[in-house]
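To start, the structure under review is shown below, and the notes come after it.
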Amino acid sequence: MRYTIDDLKIIDPVEHVRSHPEMYLPQGTLDGSMLASRIVGDVLMLSDGWAYALHAGDWWIVASEIDWIQRILGSEWKDYFQKIVPFPEAGQNAMHSGVLLIAFAQDLMTFDEVSTHVIRGEADPSELEVKVREAPQGWKRAIAFRLPVT
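Going by my numbering, the first residue of the sequence shown is number 315, and it counts up by one from there.
In structure tokens, the structure reads:
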């Protein structure tokens, strides 16, 4: 069989991840600690610095002394969450974990030293800023997410 350009289909990365959790999550099971660990692993693979994870109530927070998203994508930080971003440092066919958060989190925010961005959901960032500020001093980027109640 020969394929033509008409056979190509552009997929939405977030929808693809959502509709195929078995491809992206261990046993296809959604787990906050696993998602937080994936982000921590991404950060540690990119730097010799520290990464901090906190489970506070139903929120998961990951912070680091490097702005790993800026390091990967520069000013296009939204792509970290909206696209499947290749991660060659982690091996062939590896990807960064940000797209998993937007695909599965109910609420998702990112913080840098001067701004807060609500990426998904309706949560009030002020309720988390106190927890984020509890991370070790010197952090440059933090992500907070909450999974849907099942």
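The beta carbon of each residue, even a glycine, is placed where N, CA and C say it ideally should be.
- Task: Answer yes or no: do residue 354 and residue 328 have a C-beta to C-beta separation smaller than 7 Å?
- Result: Within the sequence shown, residue 354 is the residue found at index 40, counting from 1. Within the sequence shown, residue 328 is the residue found at index 14, counting from 1. No.
- By Cβ distance below 6 Å, which residues in the same chain neighbour residue 395 in space, the five residues on each side in sequence not counted? For the purposes of this step, residue 395 is taken as the residue at position 81 of the sequence shown. If we look at residue 395 and ignore the five residues flanking it on each side, its Cβ neighbours are 412, 416, 433.
- Taking residue 346 as the reference, which of 336, 453, 418 has the closest Cα? Residue mapping note: residue 346 aligns to position 32 of the sequence shown, counting from 1. Answer by Cα proximity: 418.
- Task: Please name the residue in 368, 389, 334, 438 whose C-alpha comes closest to that of residue 348.
- Result: Taking the first residue of the sequence shown as 1, we reach residue 348 at position 34. Ranking the options by Cα distance to residue 348, first place goes to 368.
- Could you give the distance in angstroms between the alpha-carbon of residue 392 and the alpha-carbon of residue 400? Along the sequence shown, read from residue 1 onward, the residue named residue 392 stands at position 78. Along the sequence shown, read from residue 1 onward, the residue named residue 400 stands at position 86. Those two C-alpha atoms are separated by around 15 Å.
- Report buried or exposed for residue 446, applying the criterion of at least 16 other Cβ atoms within 10 angstroms of its Cβ. For the purposes of this step, residue 446 is taken as the residue at position 132 of the sequence shown. So residue 446 ends up on the buried side.
- Name the DSSP beta bridge partners of residue 366, please? What you label residue 366 is simply residue 52 of the sequence shown in a count that begins at 1. DSSP, once it has assigned bridges, lists 377 as partnering residue 366.
- Collapsed DSSP secondary structure at residue 316 in the structure displayed: Sequence index remark: in the sequence shown, residue 316 carries index 2 (1-based). Residue 316 falls in the coil class under three-state DSSP.
- Item | Beta carbon of residue 421 nearer than 7 Å to that of residue 435 | Residue numbering aside, residue 421 sits at position 107 when the sequence shown is read from its first letter. Residue numbering aside, residue 435 sits at position 121 when the sequence shown is read from its first letter. Yes, the pair counts as a contact, with Cβ atoms nearer than the cut-off.
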